[in-house]
Amino acid sequence: MKDQIKLKYLNDHASLMNIECDRDGIIKEMNAYARKIAGDMTGKPFGNIVLDFTNTFNFEEVVKNGEQSRLLNVATQNNTPQTFYFRFFSTEDTIMALGELNHAELSDLETKLVRLNNELNNTSRQLQKTNSELKRLNELKNKFLGIAAHDLRNPIGLVISYADFLLEEAYDKLTDDERLMLERIQSSAEFMINLINDLLDVSRIESGKLELNLQAVDLVDLIKNNVELNQVLAEKKSITISFEHLEKIPPVKVDARKIEQVLNNLISNAVKFSHPGSSVKLDIFRDSKHVNVSVTDYGQGIPKEERPKLFKTFSRTSVQATGGERSTGLGLVIARNIIMGHGGDIWVESEVGKGSTFYFSIPLKK
Amino acid sequence: MIEEKTYRKYLEALIKGDKATCSVIIKEKLDANINIKELYTGLFQRSLYKIGELWESNRISVATEHLATSITESLMHMTYPIIFESEHIGKKAVISCVASEFHQIGGKMVADIFELHGWDGYFIGANTPEYELYRMIHDKKPDVLALSLSLYFNLPKLLHLLEQINEWFPGLDIIVGGQAFRWGGREEVEKYEKVNYLSSLDELEEFIANNTKP
């Protein structure tokens, strides 16, 4: 009795197909493992679980010739043929087929697995190597940008100072053409200074040197100041900038100078891309976790496919400034990095022909 | 320096397939700025040699051996931020295993040591067909070719490979090494003029130092 229990336990748990057939090859019983591999085929011919018919497997011959073993491909439930080494045992009215997974096949599988694993490791190594090289090149680029920008700033500052001086001190002695030329020298040099400052910012940010001096700041006051500063620029295009806020906004911990830089960038962009005589609106509102600021213009809008480019270095869209103003293409990249550095987010909603709204959010607690 | 206690703890975890414990040990060592070659020889190489011995003496299964190898390879990735950040000096090495060999850790270690010393180490995976290797040598024009041999019975394949490379790329410096040479073969490979056998990563470092000087 004890032996029978042991045998039953073995039959139920061994990784060995145990299939009992009658002498006509009809399956009478299958153990759990055989059912797991081939499905329940009780009552069907043993030949139905064998895939390789070209191998001329014939159960009757097995019985007749008293064949003892055979490698057979089994049609498994998951449609992946597997090779089993079958041993056949005959009794008076039963043929017992015991099938063991072919070790040669297991070894093949293992070889394939080792090969795949090797490939995965090599690809991962190559990826890490490329990544390190890219990181190194990026650092080199930032270093170069930093040096180039820093060394360019002084001579250009000098050009601006002399142009200012001549325009102020020698104004009466200059012809109209000369004045125009000096004004162009001045505005071009100012553009270059802005570009250099932006490049310095980008290289500082990209090399992880964005330092934030966080203090509790009243964002409403900060926005009011920036609106006033940009009003002069807007008036040249007869654009009005308005700022209305309905909610009481608590002070948030930010770097005031950096957030001013973001505001200045968003407001000046809104003015740049708005039609003369239109308006720019600012708003501030809060949700449970953030203070949000929006800057809306009623200009040309940005095509959907171009929006992902907006926050990328030197990426420009097809949208042109309405007054011929120039742009470095770096302002939004800097704004994004500053906002991300505060743990916030920046995004845009836009409709072509109707205008755009840029939003940024700052966490209430940081 | 790897303390004996740390090595034992690491080996025990490796045999158990406990990757997490192994990772913690490696991370601690990297955080303490361990010399990478010491880490490779004192932990990775030593433990894998031991695992090989245990497998040869039938004390662990081939599955355990493969798992240990696989874990070691993934742990080697933890060193890459250090290895690949070395300043490059413009020297190149192509590293390959002999065709039909799947043991690639030794070759990868060699490639990593080259990288660590500022060389570009182009590692061709295990069991790479010969023509892939020839193509790589042709494309990369390396200063050195390193060939790893793990199984002694593949020595004829290595000799055939050396024959071909000598003919097609005369003058190319070649270094060979690997566990197969425990059973001999050094004399056969060193018959070729430009071939040097290196028995350890220390010898490899010496070779790199001698070949890095302008």
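Chains Y and S supply the protein sequences, listed in that same order. Residue numbering for the first sequence follows this note's numbering, beginning at 251 and increasing consecutively. Residue numbering for the second sequence follows this note's numbering, beginning at 1363 and increasing consecutively. Backbone N, C-alpha and C define an ideal beta-carbon position, used for all residues, glycine too.
#1: So, is the C-beta of P1443(S) closer than 9 Å to a C-beta in chain Y?
#2: Between the Cα of R1544(S) and the Cα atoms of Y1514(S), C1384(S), A1461(S), which residue gives the shortest distance?
#3: Output, in chain order, the set of chain Y residues within a Cβ distance shorter than 7 Å of Q1466(S).
#4: Inspect the CB distances between the stretch 353-373 of chain Y and the stretch 401-421 of chain Y and report whether three or more fall short of 8 Å.
#5: What are the complete beta strand (DSSP E) segments, minimum 3 residues, inside the stretch 416-460 of chain Y?
#6: Near I1451(S), which residues of its chain fall below 6 Å by C-beta distance, leaving aside the five closest residues on each side in sequence?
#7: Between the alpha carbons of S1462(S) and K1470(S), how many angstroms are there, rounded?
#8: Would you report the Cα separation of F1446(S) and G1468(S), rounded to the nearest angstrom?
#9: Between which two residues does the beta strand (DSSP E) holding H1450(S) run?
#10: Would the beta-carbon of N368(Y) fall within 9 Å of that of A1455(S)?
#11: Closer than 9 Å, CB to CB, is A1488(S) near chain Y or not?
#12: For the stretch 1418-1449 of chain S, list every residue whose C-beta sits within 9 Å of some C-beta in chain Y, in sequence order.
#13: Is it buried or exposed for V482(Y), if we count other Cβ within 10 angstroms and need 16 for buried?
#14: Measure the alpha-carbon distance for L479(Y) versus H525(Y) and round it to whole angstroms.
#15: When DSSP labels each residue in this structure, what does N323(Y) get in the three-state scheme?
#16: Which residue wins for smallest C-alpha separation from T572(Y), given the options G549(Y), I589(Y), I499(Y), G593(Y)?
#17: By DSSP, does S529(Y) sit in helix, in strand, or in coil?
#18: Mind checking which residues open and close the alpha helix (DSSP H) that includes S1436(S)?
#19: Relative to the C-alpha of T546(Y), which residue among L469(Y), K258(Y), K604(Y) is closest?
#20: Whole angstroms is fine: what's the gap from A439(Y)'s alpha carbon to V470(Y)'s?
#21: By the three-class DSSP mapping on this structure, what secondary structure does S267(Y) have?
#22: Does chain Y have any CB closer than 9 Å to the CB of K1412(S)?
#23: Counting only beta-carbon atoms, is F1569(S) nearer than 9 Å to chain Y?
#24: I'd like to know whether the C-beta of F1485(S) is nearer than 9 Å to at least one C-beta of chain Y.
#25: Can you pull the chain S residues whose beta carbon is under 7 Å from the beta carbon of S374(Y), in chain order?
#26: Along the alpha helix (DSSP H) that carries R285(Y), what are the first and last residues, could you check?
#27: Does DSSP classify H540(Y) as helix, strand or coil?
#28: Please state the DSSP three-state secondary structure of L614(Y).
#29: Starting from W597(Y), trace the beta strand (DSSP E) in both directions and tell me its first and last residue.
#30: What's the gap between the Cα of I1413(S) and the Cα of I1422(S)?
#31: At what residues does the beta strand (DSSP E) containing V569(Y) begin and finish?
#32: Quick one: what's got a C-beta closer than 6 Å to I588(Y)'s C-beta in the same chain, skipping five residues either side?
#33: Just the Cα atoms here: how many angstroms apart are L301(Y) and D262(Y)?
#34: Since A1341(S) and F1485(S) should fall inside the 8 Å C-beta cutoff, what is the C-beta to C-beta distance between them, to a whole number of angstroms?
#35: Once you ignore the five residues that flank L580(Y) on each side, which residues in its own chain have a CB closer than 8 Å to its CB?
The answer reads as follows:
#1: In the second sequence, counting from the first residue as 1, residue 1443(S) sits at position 81. Answer yes: the Cβ-Cβ gap between P1443(S) and chain Y drops below 9 Å somewhere.
#2: Along the second sequence, one-based indexing puts residue 1544(S) at 182. When Y1514(S), C1384(S), A1461(S) are compared, the shortest CA-CA separation from R1544(S) is found for Y1514(S).
#3: Here residue 1466(S) refers to the residue found at position 104 of the second sequence. Residues of chain Y passing the Cβ test: N368.
#4: Of all C-beta pairs linking the stretch 353-373 of chain Y to the stretch 401-421 of chain Y, fewer than three are shorter than 8 Å, placing the two stretches out of contact.
#5: Whole beta strand (DSSP E) segments, 3+ residues: zero.
#6: Indexing the second sequence from 1 puts residue 1451(S) at position 89. Around I1451(S): G1480.
#7: Counting from one through the second sequence, the residue named residue 1462(S) turns up at place 100. Counting from one through the second sequence, the residue named residue 1470(S) turns up at place 108. Approximately 16 Å between the Cα atoms of the pair.
#8: Mapped onto the second sequence, residue 1446(S) falls at position 84. Mapped onto the second sequence, residue 1468(S) falls at position 106. Put simply, the backbone Cα of F1446(S) is about 18 Å away from that of G1468(S).
#9: Stepping through the second sequence from its first residue, residue 1450(S) is reached at position 88. Counting along the chain, no beta strand (DSSP E) covers H1450(S), and no H or E run does either.
#10: The residue given as residue 368(Y) occupies position 118 in the first sequence. The residue given as residue 1455(S) occupies position 93 in the second sequence. No, the pair does not count as a contact, with Cβ atoms beyond the cut-off.
#11: One-based indexing of the second sequence puts residue 1488(S) at position 126. Yes, contact with chain Y.
#12: When CB distances to chain Y are screened at a threshold of 9 Å, the residues of the stretch 1418-1449 of chain S falling below it are V1424, A1425, H1428, T1431, S1432, E1435, S1436, M1438, H1439, Y1442, P1443, I1445, F1446, E1447, E1449, in chain order.
#13: Within the first sequence, the letter at position 232 stands for residue 482(Y). The residue is exposed, with fewer than 16 neighbouring Cβ atoms inside 10 Å.
#14: Indexing the first sequence from 1 puts residue 479(Y) at position 229. Indexing the first sequence from 1 puts residue 525(Y) at position 275. When rounded, the separation of the alpha-carbon atoms in L479(Y) and H525(Y) is 19 Å.
#15: Looking up residue 323(Y) in the first sequence gives position 73. Note: N323(Y) maps to strand in three-state DSSP.
#16: Taking the first residue of the first sequence as 1, we reach residue 572(Y) at position 322. When each option's Cα is compared against that of T572(Y), the closest is G549(Y).
#17: As a working mapping, residue 529(Y) is identified with position 279 in the first sequence. Under the three-state reduction of DSSP, S529(Y) is assigned to strand.
#18: One-based indexing of the second sequence puts residue 1436(S) at position 74. Unbroken alpha helix (DSSP H) run through S1436(S): 1424-1438.
#19: Here residue 546(Y) corresponds to residue number 296 of the first sequence, with the count starting at 1. For the residues L469(Y), K258(Y), K604(Y), the minimum Cα distance to T546(Y) belongs to K604(Y).
#20: For the purposes of this step, residue 439(Y) is taken as the residue at position 189 of the first sequence. For the purposes of this step, residue 470(Y) is taken as the residue at position 220 of the first sequence. If you draw a straight line from the Cα of A439(Y) to the Cα of V470(Y), it comes to about 33 Å.
#21: For the purposes of this step, residue 267(Y) is taken as residue 17 along the first sequence, with counting starting at 1. Looking at the sequence shown, residue 267(Y) is not Ser but Met. In the structure shown, M267(Y) falls within a strand segment according to DSSP collapsed to helix, strand and coil.
#22: Within the second sequence, residue 1412(S) is the residue found at index 50, counting from 1. Closer than 9 Å: no.
#23: Counted from its first residue, the second sequence places residue 1569(S) at position 207. Taking CB atoms only, F1569(S) has no neighbour in chain Y less than 9 Å away.
#24: Walking along the second sequence from the start, residue 1485(S) turns up at place 123. Closer than 9 Å: yes.
#25: Counting from one through the first sequence, the residue named residue 374(Y) turns up at place 124. Neighbours of S374(Y) on chain S, chain order: H1439.
#26: In the first sequence, residue 285(Y) corresponds to position 35, counting from 1. Unbroken alpha helix (DSSP H) run through R285(Y): 282-288.
#27: The residue labelled residue 540(Y) in the question sits at position 290 within the first sequence. Reduced to three states, the DSSP call for H540(Y) is strand.
#28: Against the first sequence, residue 614(Y) aligns to sequence position 364. DSSP places L614(Y) in coil when its eight states are reduced to three.
#29: As a working note, residue 597(Y) is residue 347 in the first sequence. Element bounds for W597(Y): 595-601.
#30: Residue 1413(S) sits at position 51 when you count from the first residue of the second sequence. Residue 1422(S) sits at position 60 when you count from the first residue of the second sequence. I1413(S) and I1422(S) have their alpha carbons spaced roughly 8 Å apart.
#31: Residue 569(Y) sits at position 319 when you count from the first residue of the first sequence. No beta strand (DSSP E) holds V569(Y); DSSP gives it neither H nor E.
#32: As a first step, residue 588(Y) must be located in the first sequence, where it is residue number 338. Contacts found: K508, V512.
#33: As a first step, residue 301(Y) must be located in the first sequence, where it is residue number 51. As a first step, residue 262(Y) must be located in the first sequence, where it is residue number 12. In this structure, the straight-line span from the alpha carbon of L301(Y) to that of D262(Y) is close to 25 Å.
#34: Lying outside 1363 to 1576, the shown extent of chain S, residue 1341(S) is not represented and no answer is given.
#35: Here residue 580(Y) is taken as the residue at index 330 of the first sequence, counted from 1. Taken in chain order, the residues that qualify are L445, D448, L449, D451, V452, T563, F564.
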